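There are 2 protein chains.
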Amino acid sequence: MRYSNWWHRSRALLVATAMALALLTPISASAVEGMWPLFDMDQLHFDSLHTMGLAIDPSQIYNAKDGGLAAAVVQVDGGTGAFVSPNGLIITNHHVARSAIQEQSTAQKNYVDDGFLARKLSEELPAVGYYCFVVKSYEDVTKKIRGALKPSLSPKQRHDTLEKLTKGIVSAAEKGRDVRCEVASFDGGLRYMLVTMFRIQDVRIVAVPPEGIGNFGGEIDNWMWPRHTGDYSFLRAYVAPDGHAAEYSDKNVPYHPTAFVPVSDGPLKEGDFSFVMGFPGGTSRFASSYELQDAIDFSYPTSIRYRRALIDIMDQAGQRDPEVAVRVSDRIAELANYLKNFEGMLTGMSKAHTLETRRLREADLQKTVNADPKLAKNYGNTLAGLSALYADHATYRDKSVALGWLSRASQQLGLANRLYKWSLQKTKPDMQREPGYMERNVAAMRRRMKDAQINMVPAVDRQMLEYVLTQAMRLPANQRIAPLDRLVGDTTSAGVPAAVKAFTEKLYANSKVGDVDERLKMFDETHDQLVARKDAFLDLAASLFDEYQTMKEKDDAFSGSAEKLNAELVAACREAHVGPPYPDANGTMRFGYGQVMGCSPADALHFAAFTTLGGVIEKETGVSPFNSPKRLLDVARQHDFGHYLDPMLGDVPVDFLTDHDTTGGSSGSPIFNARGELIGLCFDGNYEAIAGDYDYEQRTNRTINVDSRYILFTLDKVMGASELIKEMTVTPTALP
Amino acid sequence: MRYSNWWHRSRALLVATAMALALLTPISASAVEGMWPLFDMDQLHFDSLHTMGLAIDPSQIYNAKDGGLAAAVVQVDGGTGAFVSPNGLIITNHHVARSAIQEQSTAQKNYVDDGFLARKLSEELPAVGYYCFVVKSYEDVTKKIRGALKPSLSPKQRHDTLEKLTKGIVSAAEKGRDVRCEVASFDGGLRYMLVTMFRIQDVRIVAVPPEGIGNFGGEIDNWMWPRHTGDYSFLRAYVAPDGHAAEYSDKNVPYHPTAFVPVSDGPLKEGDFSFVMGFPGGTSRFASSYELQDAIDFSYPTSIRYRRALIDIMDQAGQRDPEVAVRVSDRIAELANYLKNFEGMLTGMSKAHTLETRRLREADLQKTVNADPKLAKNYGNTLAGLSALYADHATYRDKSVALGWLSRASQQLGLANRLYKWSLQKTKPDMQREPGYMERNVAAMRRRMKDAQINMVPAVDRQMLEYVLTQAMRLPANQRIAPLDRLVGDTTSAGVPAAVKAFTEKLYANSKVGDVDERLKMFDETHDQLVARKDAFLDLAASLFDEYQTMKEKDDAFSGSAEKLNAELVAACREAHVGPPYPDANGTMRFGYGQVMGCSPADALHFAAFTTLGGVIEKETGVSPFNSPKRLLDVARQHDFGHYLDPMLGDVPVDFLTDHDTTGGSSGSPIFNARGELIGLCFDGNYEAIAGDYDYEQRTNRTINVDSRYILFTLDKVMGASELIKEMTVTPTALP
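Protein chains in written order, with our numbering: chain A, 11 to 746; chain B, 11 to 746.
This is the structure in structure tokens:
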């Protein structure tokens, strides 16, 4: 999974509230920390960047007029990609394209194992469910929003007002255009930007290397260095002949982007300047110590516990039946990726003393604030407010998490909950619906109703539901889920397991939610029609509905309070010159810079900046995940390196490290050299970097990238993709 | 456990037959591979060693007259140590002394956790069960033995003849002297040496650092680099006032060794020449590909399977009851150490293509042999013979392993088997007994009968016996253990578990073998008295006795054949100039040399040669095994480094790597600088070195040593052991 396109889903389960004051002083370039919004780039000290090696003008990287190189950077399936030809060719990670290629694979044509290459446009396959978003513009809507968020509002009113305003702004901006808009919150709500993106709906698969290259090392090497993964793939964006976005059609034509990135196969070495653009999902560098404490004491350990148990269930089922193994593999990978992430987060935070450092920062802040009457008036109670907010959160968080996992662990209950809610939401005017149920999201929702079938295994679904139900039946007395107490019947600790079993027995025997055709019918039915079905899962959804609604009210109020307090906290930090000068990542496009750089993650241990093809051979076992395609092994043994040989390494480079500041969502981000040529793709961070979401540590945090020369080498020598290479603008010239 | 004092016990479970031609040509010093017998040191090219940096005369290292520095090197509890004062003070590893200090600990005085320091002789504690052996002489007895091993002997006769001759030589040599003698087989039996060692029976504990220094990193860091363990301890050898060896007595006085080693606290850096002396237990560099294949296909995987299962049983029992956890911890550590070792062995052999390389070597050898009529006559059928030998082994190896683990997994059955056999052996004249039952071993055997109580937990013992019994009941049809089939009753795969349970139920209910007092009585009873007890475990031992005897006959015959064929194989290798020039390790003292040297164990990964105190602090968690004593943390935080600070590292050195060729049994080996001063103690090899037992690989195989400066630093600053430091000869001068 690596740096994942899943960040938003996993993050959403942790109480993480995404968090502007225009910066007053330019930032020294010696600090490579920071994921800079493009519209804040003028705050950067470009003189220092030029001193570090940057050889092009900042306006070539980004400008508000034609977008610059940034116009070539796209968001795709929750990750990042970049146009690399005038004909809509997109380069991104293997793991970003993986589910698309899996969807197209059959037992006969196993594109996952064997790789895939379209030799002409007509051979390209639809990447079902994939969208590609090209940023068109940014508009500051802070005044519109913050003007309406009067201090007198209650937390829930604050949340509702914000939601309503946001929906209105988005709806007006999208009206009659084939764009997708979002209002992004920066700095905990100090600043709001309307981001408008062209939404390309027809994305196709052009080339994907075999799994033995694209996912070499698999789960074992995930988050690890040294790494030897060719984590790349090629997609293509299509639009209607008139240039408008359109669903897949054989009449569609390749999209012509405003900009595309030339690809370098020139030399690259440790110390070289480079920069990155992409869509990092979220960081928590302004999060309060109370939020951190909540995460360390509760959210991470609880999530780890659920994930471990659910993975075990799927693993064991997979061991009994290889067909089940295939179906559950995606869900296991998804849970496992962030299991390792969360474990790394806890280890890393403990090692780096993140909580202690944050507390010291807050003590400093409080002191500065107290010393200045104006600051004291505005922010004197902010930290106390956050402390109280999280103390309150502790009174219902176990229940909140249990409700979340009920819907998430069991696909059938999750679908039933959604169907039931949709039947109620659909009768409301669009602007009064919850955002996920607005017309703009209905097509995607229907598609998920259908696609859910791909991974569904009822027996496993039931075991997973039983696990979460058992957890739910063990909630403390003040956090009981009353309808479950009633429906399951026996709440004694000895009686729960049997009662849960009997309950789920009836559920699965009396529901058609697991049947894709029935489910799609349900999706189009009215509320009364749904209820009349007396379907066991829909009935359970109905019973739980009020619980979810009540929890949503609590979450909304929490979110309303957090929005207010976090905005205050960031404002206080800025005014007191405490904490980072850039806003936390929030899924919007960011610019970062740094160098190609190895690191010493621990005493007596040194990571070189580059891995090599020789290292692939060292790891090769012939068994997944260390099973290179035969063609690669042959080429390596024959030393058929062509001009991809790096004379300093004496070998073909594979992956390299940079000190860029990245995180989940950065997957597939293009890495540029000083001249703005693509030298690689970000696909992961090292284990030491995981806790970097809270505090970037230049000594140990590294971004892991696949080298463009390895991409070209394997395209050329292993996949025989000469036409594809020709379509790109490959720039072999050495840097000055 | 690290490089272990356990090598002999663990090795014995793998069919590994330990393997002279006087070397005709001196060996180039550029190859640091090799564990050289001291009496072969004249074969080494000392000119090259001097060029590498050696600053003393070879005769100062070893000479047959007064022993040289080698006279300071001793064998202690299966590991190695060195005298570091004229008053019998011995330096060795923490893990070598650990069970002695554990034996002396109580809940009130926890010397394991807190460490121990005797401030005067009278405070030193007995190291119960510890012997210290000082080599007195070597005598070549090859002619006596090989002269009697006529080619006409059957394999079993060959084994018996060898055993009888060996016993006779040892018995004559030990007669009336306080020495222990052994006949060591070199080069698979091409050469036999009688080794005579002064046996010191009164060994006392002088100083042991807290577990948080001496075993810092524990199982997690075991076999790993970077390492931060202060794996050292100090013992003292005592003898009777007249200089003879004697059991512990308050009249005994410190032993005055012929030589002792000065301790360096001077500078040390990567590239510095160094040498090592110690007692490496065993290597397999002449083992045939058939032996390797047997190990890879069967012995290692089978041992891994048993170890894993038995560790699981003990782990789970320990989780339920902390007191059980303490009791089983030693056995878990013992099994786990070699579990990790065997897994590393398989991984390493697969990575290094050890089997394939050995096969190629043998193909070369066969070609050379076939081309020369004299060689063809002597060795033409050797490899074919080994092939047949291992093919035959495959027909009974599962049963052999099951019988071995029955006696090993269950302490009670192991004790019963030994008691039963002892009751039969004790009636024979000493020279006709099996070596383990000869008078010279009776005291140690009685002590083991008593000490077994320390770790005994009947419920766990039973579970472990049930596991092994279940395995035994699943043996293939041609390898059944008939008495078990009869006693357990049900041999159907469905019926076995319940039948095994019922069988062990009766066993434990009707036996007193688990009672230490009864057991010691049994030890002194006659065969008839034992049988008359109708003790369930003794009855089981009686039922199994013939099975063990039959298996022993098979093993003896195997060993007789192997002795003949392996000697031929080594002779052929030497004559054909194939394979290493030195003999495999066999537990006798060896000399090796090399350099302080980091390494690159894998692509993009580099290990520095030294770790530092800063690295200890990096790993510190406050929780075992990363819990440094407070005093060490304070000293580190105050940067109270004294003159132990290494100016190049900017910190106190902790451990360092050398490219010395070592293995299990080398634990505690003194590491010398060019002037013969002690710069550290070997305590482990890196993970990459494990498979080095089959083939030393200079690029990746490293010995892990604790730096003498860290020993002195912690003695000085943490333990306050200034008297102890004064007793040693510390040489602070810089090397030229």
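Glycine is no exception: its CB is placed at the ideal position from the N, C-alpha and C atoms.
A quick note: this is a predicted structure, and the numbers were derived from the prediction, not measured.
Residues bridged to F143(A) (per DSSP): The partner list for F143(A) (beta bridge, DSSP) reads Q85(A) and R209(A).
Buried versus exposed call for A105(A) [16 or more other C-beta atoms within 10 Å across all chains shown]: Per the sequence shown, the amino acid found at residue 105(A) is His instead of Ala. With 16 or more other Cβ atoms within 10 Å, it is buried.
Three-state class that DSSP yields for H616(B) in the structure shown: Three-state result, H616(B): strand.
Where the beta strand (DSSP E) containing T102(A) begins and where it ends: L99 to T102
Buried or exposed by the 16-neighbour rule on C-beta atoms within 10 Å, applied to V633(A): exposed
C-alpha gap between T621(A) and D703(B), whole angstroms: 29 Å
As assigned by DSSP and simplified to three states, the class of V94(B): coil
Inter-residue spacing [alpha-carbon to alpha-carbon] between E698(A) and V379(B): 56 Å
Separation of P445(B) from L31(B), as counted between CA atoms: The predicted position of L31(B) is uncertain, since its pLDDT is 31 and thus under 50; no value can be drawn from it.
CB contact flag (V606(A), G198(A), <9 Å): no
Sequence-distant residues of the same chain with beta carbon closer than 6 Å to S433(B), five excluded per side: H537 and L540
For I721(B), the first and last residue of its enclosing beta strand (DSSP E): Looking at the DSSP string, I721(B) is not in any beta strand (DSSP E); the run it does join, the alpha helix (DSSP H), is S718 to F723.
Where the alpha helix (DSSP H) through M455(A) begins and ends: E449 to D461
Strand pairing of N715(B), partner residues [DSSP]: F666(B) and C692(B)
Cβ of A5(B) within 9 Å of any chain A Cβ: With chain B covering only 11 through 746, there is no way to say anything about residue 5(B).
Pairwise C-alpha distance: D52(A) and A386(A): 31 Å
Buried or exposed (CB count within 10 angstroms, at least 16 for buried), R732(B): According to the sequence shown, residue 732(B) is Ser rather than Arg. Classification of S732(B): exposed, given that the 10 Å Cβ count is below 16.
At least three beta-carbon pairs within less than 8 Å, the segment 401 to 416 of chain A to the segment 481 to 488 of chain A: Of all C-beta pairs linking the segment 401 to 416 of chain A to the segment 481 to 488 of chain A, three or more are shorter than 8 Å, placing the two stretches in contact.
Under 9 Å from the C-beta of G624(A): neighbouring residues of chain B: D613
A30(A) in three-state terms, based on DSSP: Below a pLDDT of 50, predicted positions are generally treated as unreliable, and A30(A), at 29, falls in that range; the measurement from the model is reported next regardless. Note: A30(A) maps to coil in three-state DSSP.
Where Q473(A) falls: helix, strand or coil (DSSP): helix
Partner residues on chain B for P236(A), Cβ-Cβ distance less than 7 Å: A612, D613, A614 and L615
Rounded separation between S610(A) and S294(B) - CA only: 36 Å
When V138(A), S162(A), T176(A) and H616(A) are compared against K153(A), the one with the closest alpha-carbon: Nearest of V138(A), S162(A), T176(A) and H616(A) to K153(A), Cα basis: T176(A).
Alpha-carbon spacing of D252(A) relative to S95(A), whole angstroms: Whole-angstrom Cα-Cα distance: 20 Å.
Partner residues on chain B for A618(A), Cβ-Cβ distance less than 9 Å: The contacting residues are S610, D613, A614, L615 and H616.
Pairwise C-alpha distance: R246(B) and I215(B): 6 Å
Within 9 Å, strictly: CB atoms of L554(B) and L517(B): no
Best match in S339(B), G354(B) and M324(B) for proximity to I306(B) [C-alpha to C-alpha]: G354(B)
Collapsed DSSP secondary structure at T560(A) in the structure displayed: Three-state DSSP puts T560(A) in a helix.
Residues, ordered as in the chain, of the segment 702 to 724 of chain B that lie near chain A by beta-carbon distance below 8 Å: none
Inter-residue Cα distance where the pair is G227(B) and L623(B): 13 Å
Within 9 Å, strictly: CB atoms of I66(A) and R685(A): yes
Neighbouring residues, chain B, relative to E628(A) (Cβ below 8 Å): K361, A612 and D613
Straight-line Cα distance separating K629(A) from L497(B): 49 Å
Those runs of the alpha helix (DSSP H) which lie wholly inside the segment 604 to 652 of chain B and span at least 4 residues: Listed in chain order, the complete alpha helix (DSSP H) runs (minimum 4 residues) inside the segment 604 to 652 of chain B are 623 to 629 and 640 to 647.
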